[in-house]
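See below for the structure under consideration.
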């Protein structure tokens, strides 16, 4: 196994990943600068503190540390959520290995890499898929005007009402395809970004949906009132959350509880940009959950779990969230479905 020297602490401080060195008792003996920022404490404050004190709920991590200690093999885990009291839950890749293995006191070295949320949730590069779909929609939409116009001209030459029924079918279907293509293309305008209070967006949605539903539908608010504003297009965010909440209502057949939850998220990487803080919005319902067969393609166009759905709602939600520099994800189990939107607030210092 390769030995790693820890004498050059200044070099470790230049590394962007968080590096933690533990002794045989899993107590901290060294943190680089990134790790000090991650845990919110200096090297002196962290000295000889058991790592489990800082990560009390991460039993899986400590099981992996013990495994590395036993077999002396480097271990890598990807896309692991860990909870840090000063940061909340973050998504990381981590590497565990032994160093100084030939000494009487071998040490454990942990490397934590922040995961870009947009890359983690879109392994199939859905941005390229969106561009492909938009291109196809344009190609399909262009001849529709000609087809509709030709049907109208033909209708004027017909004296037979029965034959005119057929031209009406052509016109109606051309209009339907045009509307479908417009939905796939999404809003033409980029939108106007202003300082938006996310709770005002959610309150607007709540009033709209409550007016549409009946008294058996409950929309519960679980807000963090200290959240900062986000730079976003108000109307686009309304469209996003209105679509998600209406989907939740339909999934529960209009009866049950929907929770609108907001929290701060710290140390984010979205679309290859680092942020100090972001706003997390979760829409939680009690419906039957997302069908397993569409979980991996949930945000693709024309993918739907409803018989009467067109499969464009979540696709458009993702498009609009991307335009506001955010990321959207969905997960579920029976009786609990969660759609999460994260919108960045403050760019991190380079």
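In our numbering, the protein residues as written are 8 to 357.
Even glycine gets a Cβ: it sits at the ideal position worked out from N, Cα and C.
What you are looking at is a predicted structure, and each value in this text was computed from that prediction instead of being measured.
Quiz item: Are the segment 56-69 and the segment 20-34 in contact at 8 Å, needing three or more beta carbon pairs?
Solution: yes
Self-check item: Residue range of the unbroken beta strand (DSSP E) whose run includes residue 343
Solution: 343-354
Exercise. In angstroms with no decimal places, state the Cα-to-Cα distance between residue 281 and residue 176.
Key: 53 Å
Quiz item: Between 278, 273 and 319, which lies nearest to residue 47 when the distance is taken from Cα to Cα?
Solution: 273
Exercise. Given a cut-off of 8 Å, decide if residue 86 and residue 122 are closer than it, judged by their beta-carbon atoms.
Key: yes
Quiz item: Near residue 185, which residues of its chain fall below 7 Å by C-beta distance, leaving aside the five closest residues on each side in sequence?
Solution: 148 and 151
Quiz item: For residue 89, which of 66, 286, 288 and 203 has the nearest alpha-carbon?
Solution: 66
Quiz item: Helix, strand or coil: how does DSSP classify residue 373 here?
Solution: Outside the modelled stretch of the chain, which goes from 8 to 357, sits residue 373, for which no answer is possible.
Exercise. Using three-state DSSP, classify residue 75 as helix, strand or coil.
Key: helix
Quiz item: Rounded to a whole number of angstroms, what is the C-alpha to C-alpha distance between residue 210 and residue 53?
Solution: 43 Å
Exercise. Determine the direct distance from the alpha carbon of residue 73 to that of residue 114, and round the result to whole angstroms.
Key: 12 Å
Exercise. Quick one: residues in its chain with C-beta nearer than 7 Å to the C-beta of residue 208, no 5 flanking neighbours on either side, listed in chain order?
Key: 241, 244, 245 and 248
Quiz prompt | Closest residue to residue 146 among 350, 155, 188 and 182 (Cα-Cα distance) | solution = 188
Quiz item: Given a threshold of 16 other Cβ atoms within 10 Å of its Cβ, counted over all protein chains shown, does residue 155 qualify as buried or as exposed?
Solution: buried
Quiz item: Assuming residue 19 and residue 39 make a contact with CB atoms under 8 Å, what is their CB distance in whole Å?
Solution: 4 Å
Quiz prompt | Continuous alpha helix (DSSP H) stretch holding residue 46: start and end | solution = 40-46
Quiz item: Can you tell which of 34, 75, 300 and 118 has its C-alpha closest to the C-alpha of residue 45?
Solution: 118
Quiz item: For residue 251 versus residue 286, is the C-beta distance shorter than 8 Å?
Solution: no
Quiz item: When burial is assigned at 16 or more other CB atoms within 10 Å of the CB, is residue 340 buried or exposed?
Solution: exposed
Quiz item: Where do the ends of the beta strand (DSSP E) carrying residue 340 lie?
Solution: 334-340
Self-check item: 8 Å contact criterion, which residue 212 and residue 265 should meet: CB distance rounded
Solution: Not really, about 10 Å apart at Cβ, beyond 8 Å.
Quiz item: Is the distance from the Cβ of residue 349 to the Cβ of residue 297 below 8 Å?
Solution: no
Quiz item: When burial is assigned at 16 or more other CB atoms within 10 Å of the CB, is residue 321 buried or exposed?
Solution: buried
Self-check item: Three-state secondary structure assigned by DSSP to residue 122
Solution: coil
Quiz item: Can you tell which of 336, 178, 344 and 168 has the C-alpha that lies nearest to the C-alpha of residue 157?
Solution: 178
Practice problem: Just tell me which of 294, 293 and 319 has its CA closest to the CA of residue 305. | Solution: 319
Exercise. Quickly, what does DSSP pair residue 228 with across the bridge? List them, please.
Key: 267
Quiz item: Can you give the beta carbon distance from residue 239 to residue 200, rounded, assuming they're within the 8 Å contact cut?
Solution: 6 Å
Exercise. List the endpoints of the continuous beta strand (DSSP E) containing residue 95.
Key: 95-106
Quiz prompt | Which of helix, strand or coil DSSP assigns to residue 70 | solution = helix
Quiz item: Secondary structure at residue 90, three-state DSSP: helix, strand or coil?
Solution: strand
Quiz prompt | Own chain, CB closer than 7 Å to residue 22, minus 5 neighbours either side, in chain order | solution = 39 and 41
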